[in-house]
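Student: The structure is given below, and queries will be raised subsequently.
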């Protein structure tokens, strides 16, 4: 009897699972350029490593167009490599929808002091207005405190 109940339950559950998978939205990939303006707000040395705090204004173009105002921390090792992490509020349009959304980002760089090439990851959350149901994450690459390009997976839920 227990086996029969299990089969009945599975036969009822399988169509539900198939329907929910079929209706899942597919993220859209957006790409574009960004430029960065950074202002140092603090510089200190800890164990031979340079730690810089900054305020940022990052301007993006393309399908993810607007301005992010925020701050970050850059940790420069004596080897010329380092890490950065920060957050801010993006105001603009994403695939034609306007609003604000919080962004967090982190990454690494190498090549300091000439052109510190960066690679990083960014996540967007807590949107308002037309971006209230935005789920987005992606990668950034470029030159630290100068600019580069982004590739972001965007989903409106």
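In this note's numbering, the protein residues as written are 224 to 380.
Backbone N, C-alpha and C fix where the C-beta goes; we use that ideal spot for every residue, glycine too.
So, for residue 316: in the same chain, excluding its five sequence neighbours on each side, which residues have a beta-carbon less than 7 Å away from its beta-carbon?
Tutor: Only 288, 289 meet the Cβ criterion.
Student: With which residues is residue 316 paired in a DSSP beta bridge?
Tutor: 288, 321
Student: Just mark residue 352 as buried or exposed, buried being the case when its beta carbon has 16 or more other beta carbons within 10 Å.
Tutor: Per the 10 Å Cβ criterion, exposed.
Student: Report back the beta-carbon spacing between residue 341 and residue 311 to the nearest angstrom; my notes put them in contact at under 8 Å.
Tutor: Residue 341 to residue 311, Cβ: 16 Å. No contact.
Student: Measuring only the C-alpha atoms, how far is residue 282 from residue 255?
Tutor: 11 Å
Student: Just how far apart, CA to CA, sit residue 252 and residue 262?
Tutor: 31 Å
Student: Nearest by alpha-carbon distance to residue 273: which of 354, 336, 380, 372 is it?
Tutor: 336
Student: With a cut-off of 8 Å, do at least 3 Cβ pairs link the region 344-359 to the region 314-328?
Tutor: yes
Student: Do residue 361 and residue 324 come within 9 Å of each other at the CB atom, strictly closer than that value?
Tutor: no
Student: Rounded to a whole number of angstroms, what is the C-alpha to C-alpha distance between residue 332 and residue 306?
Tutor: 6 Å
Student: Do residue 257 and residue 284 count as a contact pair if the criterion is CB distance below 9 Å?
Tutor: yes
Student: Would you grab the beta carbon distance between residue 275 and residue 297 for me? Rounded to a whole angstrom, and I think it's under 8 Å.
Tutor: 4 Å
Student: Residue 355 by DSSP, collapsed to three states: which one?
Tutor: coil
Student: In terms of residues, what are the limits of the beta strand (DSSP E) holding residue 257?
Tutor: 251-269
Student: Tell me whether residue 328 sits in a helix, a strand or coil according to DSSP, three-state version.
Tutor: DSSP places residue 328 within a strand segment (E or B) once states are collapsed to three.
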